[in-house]
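Here's the structure we're looking at; comments come further down.
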Amino acid sequence: MAPSQAGHVPTLDNLIKSFNDLPLEASMDSLIFLLKRRQIKGDDCAKATAHFLRHVVAKSKWTSVNHLIEQVRSYGTRLAQAAPLEPVIGNVVRRVLGLIRDEAAEDRNADDVASETASDIQDIQSLAPGAPPPQPLQRATTASPVRPTLGSITSGLLVSNSMFNLLSVAEPLGSPLTGASTPMSSALHASVHALRSEVMDGIEEILDEINQADDQIAGFADIQIHPGDYVLAYQPTKTVERFLIKAASKRRFTLLLAGLQVPDPSAEPPYAALRKRLAAAGVQTINLASNGLMAYIPRVNKVIFGAKAVYQNGGLLVDSGCCVAAQAAHEYLKPVIALCPVYKFTPEDPSNEVVRGELGDPSSYVSYANGPAVDLLDIENTVTDYIPPELVDVYLTNLGPQTRHHLASILADHYKTEDIAFSLQFDEDS
Amino acid sequence: MSGESNGAPAGAPNAASTAVDSTKKASAPSNAAAPPANPEKLTPAQLKAKAKAEKAARRAQVKEARAAAAAAAPAPQEKGAAAADGKGGKPKGKQDGQSLAVPRASVSGRRPSMHRVLEKEKEQDVRPNVLECFSHVPTAKRIPLSQAHKDVHPAVLAVGQMMATYALNDSIARLKAMLLAFKKVIESYETPKGSSLSRHFVPHVLNPQIEYLTECRPMCFAMGNAIRLLKGKINKFDIDTPENEAKEALLEWVDFVINERISLAEYAIALNAAESIHEGDTILTYGRHRLVERALLKAKELGKFFDVIVIDDHFERDGQNLATTLCKAGIHVLYSPNLGGLRPKVAAASNVFLGGEGIFANGSMNARSGTADVAMAAANAGVKVMVLCESINFDRDRVSVDSMTYNEVDPERNTPDFFRVLYDNTHDKYISGVMTEFESGGGSSPAQAILALLRKQEDPLIA
């Protein structure tokens with residue numbers, strides 16, 4: 001993007017505000033543009049997606065659960081396609097889909113209790129083939145059963161809501177799965193309305209979780225960082241900054257910042273704000289102007305960085321060069337701590353593209369004024385790295401520190417089996 | 001003295017004595033008497049006056065030069081202050097204090113240049129920003145010419161300055177410059193009466209030069225080795241060896257070292273490494289090292305087809321020059337400006353060529369910062385890591401397992417905002433083989449075998 005446009009880049013907040021005024025398609029387009037231009041990145045993607053899906057649920061016209069799921073899925077697919085290397089978008093979409101399924105299932109259960117007709121049950125089961133009423137948790141079955149209690153976090157608080165529905169909804173909701181529309185009875189209308197508000201509440205909760213994740217992770221700071229430690233932070237993200245500041249309030253350690261860009265003499269030195277806050281807390285920081293980190297690692301007690309995404313196998317998607325830090329630390333048996341909120345856990349395996357890394361704009365490295373050199377050279381500026389699971393020691397999530405052996409159960413708690421294929425679906429589309 | 005000059009115009013009687021005096025005085029500027037057409041016509045007193053005037057003029061000149069130097073000195077400091085202003089906050093206050101101190105110094109002190117020098121040194125010694133754990137690592141210092149030991153030869157002074165400013169950076173470039181400067185020292189050496197070259201040269205002439213160079217920048221292994229060889233050579237001279245003969249032999253020996261250990265070694269290593277490249281290989285390298293560059297160009301010259309991946313350090317960006325050079329030679333180059341995506345890139349290579357600044361006795365390689373990361377990634381990916389290094393860079397005494405044992409801080413990046421060490425230490429377990437001038441036909445020796453290698457070749461370094 002031309003630098004002159006920098007002033008016009010809409011911020012996330014503006015964008016979210018604009019959702020209220022714009023029609024769905026228009027806000028979709030503006031979000032997709034921002035994603036494609038990488039003007040929304042990382043954590044903001046998750047927030048933007050959640051906000052947007054909330055509007056989808058609120059504004060789009062849907063008559064049945066299936067219909068809603070279909071809509072969320074199609075909007076979600078388009079968002080995910082706009083930023084294929086931001087897996088958090090897919091994660092949020094999956095979470096919302098799972099949420100809708102949960103709410104629908106709960107409604108149905110309520111209905112079941114109310115009117116125990118066999119036809120209703122049939123209806124329900126055919127309505128949401130993948131989401132039968134609660135069953136014991138089992139992931140491997142091919143019948144794609146859902147974790148029953150899975151809503152524990154997202155929908156746990158909604159139980160009371162569905163209790164109200166229990167009284168208010170006299171009739172089973174949506175009947176047809178084939179899509180043939182049935183005349184909408186007022187009761188159905190009411191149930192759609194109830195479901196809508198429940199799902200929106202659920203999305204609010206997901207948003208809360210995203211917003212609070214950093215603070216929750218920071219809560220574990222003093223457990224991980226000890227007095228006198230030398231901590232190497234690679235390109236600290238907001239999550240890592242908060243973690244470090246929190247740690248500094250309780251511990252006196254020394255921080256080495258790595259993975260800096262070449263300083264622009266006119267600009268402020270990198271991470272000046274962070275360093276100032278840490279200095280105020282008595283933590284000494286130093287910027288390492290170095291690519292290679294092997295020289296410093298023997299001094300360092302632990303390496304900390306934020307992950308963009310955690311894959312099913314425990315591999316991490318991170319900023320470029322981070323792998324060098326993890327590798328060096330692993331080589332010297334220093335703990336590698338990845339800060340990764342749960343919403344970054346992606347129920348997929350890393351694609352080849354992820355492993356190879358995303359290519360970015362090389363113009364800051366090679367002067368385009370130097371035409372002959374640019375013509376001759378093949379320049380690859382890799383902006384993301386993939387860290388294989390064996391290099392990571394601790395996954396510090398907002399639910400607490402985890403090891404890679406436990407990741408599968410976290411994934412199972414947060415996603416429904418039928419939504420895991422979400423990304424596959426868009427691969428076929430594209 | 002003034003009485004004499006007053007009396008001089010009176011003429012003849014004491015002319016003889018003053019003449020002696022004045023010639024003695026004038027002897028320093030030998031051309032003092034030359035400009036006048038017929039010196040006989042000048043009276044001795046006139047001569048003396050002239051000499052005096054000339055001396056005064058020279059003094060004034062020196063003073064002027066000093067003043068100019070003093071005027072020049074503030075410039076960089078002001079720059080520093082400006083930069084600090086940009087950084088805001090803390091450094092500003094400090095700089096202010098300094099700029100207050102400076103004018104006072106220049107008013108009260110007769111020699112502002114000296115004051116500045118001292119101040120600068122103080123500033124450097126304090127180094128408030130460097131973490132304690134790195135405070136032992138030395139750094140290059142720019143020693144002002146006026147502070148150098150009086151015995152330091154001008155050629156060595158120049159080399160020292162170039163080393164301190166990183167105009168000479170590479171170990172071999174520094175070695176070569178030092179040897180050439182030592183040749184000048186040897187040429188201009190005259191043995192004082194009553195001693196011999198073999199006894200007098202090293203302690204009184206050579207050592208001050210070495211001390212000065214070490215002060216400018218910590219010596220690289222190659223320089224240390226060469227100095228050890230040179231001292232050994234000098235000690236072997238018989239006390240009675242005539243000075244000329246000894247000097248001649250030393251000069252010849254220095255030439256021999258430059259030819260054998262530098263020029264020929266470079267050629268042999270490049271050829272050997274080039275031969276080890278197979279058709280269709282992909283060679284990965286880090287930064288720019290002259291041996292790697294020569295080897296790749298040589299391989300191209302031999303008609304081999306291969307690709308090169310150049311990984312660069314974006315704080316140095318030497319690799320870009322290498323990439324351009326190779327491209328111009330017709331080699332396909334993939335240039336990566338940073339260590340991003342290192343693992344997949346390394347895995348795509350069939351061979352990694354790294355240039356070493358030096359190799360420790362335990363086989364660890366001392367090389368520019370970042371080399372160790374590349375070597376480790378390659379070793380973990382199962383890719384061969386070849387190190388190209390002249391045997392003069394081998395150190396037989398020092399052992400290092402840690403990058404901070406022997407290292408240097410980059411003086412340019414030793415600020416509160418940036419810290420950088422120049423070298424890192426690549427453990428020998430990541431090195432598949434070292435190519436020195438002793439191997440041929442694409443062969444290499446294991447890194448741990450350095451001492452054995454030197455001994456096998458009956459190298460004078462070991463013997």
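First to last, the sequence lines map onto chains A and B. Just so you know, we're using UniProt numbering here: the first sequence kicks off at 1 and counts up by one. Just so you know, we're using UniProt numbering here: the second sequence kicks off at 1 and counts up by one. Don't be surprised by glycine CBs; every beta carbon is placed ideally from N, CA and C.
Identify the contact partners of residue 355 of chain A in chain B, using a Cβ-Cβ distance below 7 Å as the criterion.
Near residue 355 of chain A (Cβ distances below 7 Å), the residues of chain B are 344.
Would you kindly report the start and end of the unbroken beta strand (DSSP E) that includes residue 384 of chain B?
Residues 384-388.
Under the three-state reduction of DSSP, which class applies to residue 302 of chain A: helix, strand or coil?
In this structure, residue 302 of chain A counts as strand in the three-state DSSP scheme.
Taking the alpha helix (DSSP H) that residue 366 of chain A belongs to, which residues open and close that run?
Note, residue 366 of chain A: premise wrong, no alpha helix (DSSP H); not H, not E.
If the cut-off is 7 Å on Cβ atoms, which residues from the stretch 379-401 of chain A count as contacting chain B, listed in chain order?
Within the stretch 379-401 of chain A, the qualifying residues are 379, 380, 381, 382, 383, 385.
Return helix, strand or coil for residue 357 of chain A, following the three-state DSSP convention.
Here residue 357 of chain A sits in coil by DSSP.
By how many angstroms is the C-alpha of residue 36 of chain A removed from the C-alpha of residue 361 of chain A?
Distance between the alpha carbons of residue 361 of chain A and residue 36 of chain A: 14 Å.
Is the CB of residue 225 of chain A under 8 Å away from at least one CB in chain B?
Not closer than 8 Å to any Cβ of chain B, the Cβ of residue 225 of chain A fails to qualify, so no.
Can the beta-carbon of residue 27 of chain A be found closer than 8 Å to that of residue 33 of chain A?
Against a cut-off of 8 Å, the Cβ pair of residue 33 of chain A and residue 27 of chain A comes out as no contact.
In three-state DSSP terms, what is residue 411 of chain B?
Strand, per DSSP.
Is DSSP giving residue 379 of chain A helix, strand or coil here?
If DSSP states are grouped into helix, strand and coil, residue 379 of chain A belongs with the strands.
How long is the line joining the alpha carbons of residue 389 of chain A and residue 216 of chain B, rounded to whole angstroms?
Those two C-alpha atoms are separated by around 46 Å.
So residue 357 of chain A packs on residue 340 of chain B, CB below 8 Å; how close in whole Å?
About 6 Å separates the two Cβ atoms, so the contact holds.
Buried or exposed: which applies to residue 428 of chain B, given that a residue is buried once 16 or more other Cβ atoms fall within 10 Å of its Cβ?
It counts as buried.
Alpha carbon to alpha carbon, how far is residue 321 of chain A from residue 369 of chain B?
Cα to Cα, residue 321 of chain A sits roughly 15 Å from residue 369 of chain B.
Quick one: Cα of residue 415 of chain A to Cα of residue 445 of chain B, how far?
Computed Cα separation, rounded: 55 Å.
Would you kindly report the start and end of the unbroken beta strand (DSSP E) that includes residue 395 of chain A?
Note, residue 395 of chain A: beta strand (DSSP E), 394-397.
Can you name, in chain order, every residue of its own chain whose Cβ lies under 7 Å from the Cβ of residue 225 of chain A, other than the five neighbours on each side?
Once the five neighbours on either side are set aside, the close Cβ partners of residue 225 of chain A are 231, 247, 251, 253.
How close, in whole Å, do the beta carbons of residue 423 of chain B and residue 366 of chain B come, if the pair is a contact with beta carbons under 8 Å?
Right, the Cβ-Cβ distance comes to about 5 Å (below 8 Å), so this counts as a contact.
Beta-carbon within less than 8 Å of residue 17 of chain A's beta-carbon, same chain only, minus the 5 sequence neighbours each way: which residues are those?
Closer than 8 Å at Cβ, skipping near neighbours: no residue.
Ordered along the chain, which non-local residues of its own chain (more than five positions away) have a Cβ less than 8 Å from that of residue 181 of chain B?
153, 155, 156, 158, 159, 209.
Just the C-alpha distance for residue 335 of chain B and residue 371 of chain A, rounded to the nearest angstrom, thanks.
C-alpha separation (whole angstroms): 15 Å.
Taking Cβ-Cβ distances below 8 Å as the criterion, which residues of the stretch 284-310 of chain A are in contact with chain B?
Under the 8 Å Cβ criterion, the stretch 284-310 of chain A contributes 284, 286, 287, 288, 289, 290, 291, 292, 293, 294, 295, 296, 298, 299.
Tell me the residue span of the beta strand (DSSP E) that contains residue 224 of chain B.
No beta strand (DSSP E) holds residue 224 of chain B; the alpha helix (DSSP H) holding it covers 221-235.
In its own chain, which residues sit with a C-beta less than 7 Å from the C-beta of residue 297 of chain A, not counting the 5 before and 5 after it?
Closer than 7 Å at Cβ, skipping near neighbours: 328, 329, 332, 334.
Going by beta-carbon coordinates alone, are residue 48 of chain A and residue 31 of chain A separated by less than 8 Å?
In this structure, residue 31 of chain A lies closer than 8 Å to residue 48 of chain A by Cβ.
Interface residues of chain B around residue 318 of chain A at Cβ under 8 Å?
Ordered by position in chain B, no residue passes the 8 Å Cβ test against residue 318 of chain A, which lies about 10 Å from the chain.
Tell me, please, whether the CB atom of residue 338 of chain A is closer than 8 Å to any CB atom in chain B?
False, the Cβ-Cβ gap to chain B never drops below 8 Å.
Would you tell me roughly how many angstroms separate the C-alpha atoms of residue 188 of chain B and residue 244 of chain B, rounded to the nearest one?
Straight-line Cα distance between these residues: approximately 11 Å.
What does DSSP give as the partner residues of residue 354 of chain B in its beta bridges?
BP columns for residue 354 of chain B point to B:387.
Residues in the same chain with beta-carbon distance under 8 Å from residue 235 of chain B, minus the five sequence neighbours each way, listed in chain order, please.
Cβ neighbours of residue 235 of chain B beyond the five flanking positions: 198, 202.
From this set, A:76, A:198, A:63, A:94, which residue's C-alpha is nearest residue 29 of chain A's C-alpha?
Closest by alpha carbon: A:76.
For residue 401 of chain B, write down the residues that DSSP places opposite it in a beta bridge.
For residue 401 of chain B, which the question treats as bridged, DSSP gives no partner whatsoever.
Using 10 angstroms around the beta-carbon of residue 320 of chain B, count the other beta-carbons present and answer buried if the total reaches 16, otherwise exposed.
Buried, since its Cβ has 16 or more Cβ neighbours within 10 Å.
For residue 278 of chain B, I'd like the list of residues in its chain whose CB is within less than 8 Å of its CB, leaving aside the five on either flank, ordered along the chain.
These residues qualify, in order along the chain: 304, 306, 350.
Helix, strand or coil for residue 163 of chain B, going by three-state DSSP, please let me know.
DSSP places residue 163 of chain B in helix when its eight states are reduced to three.
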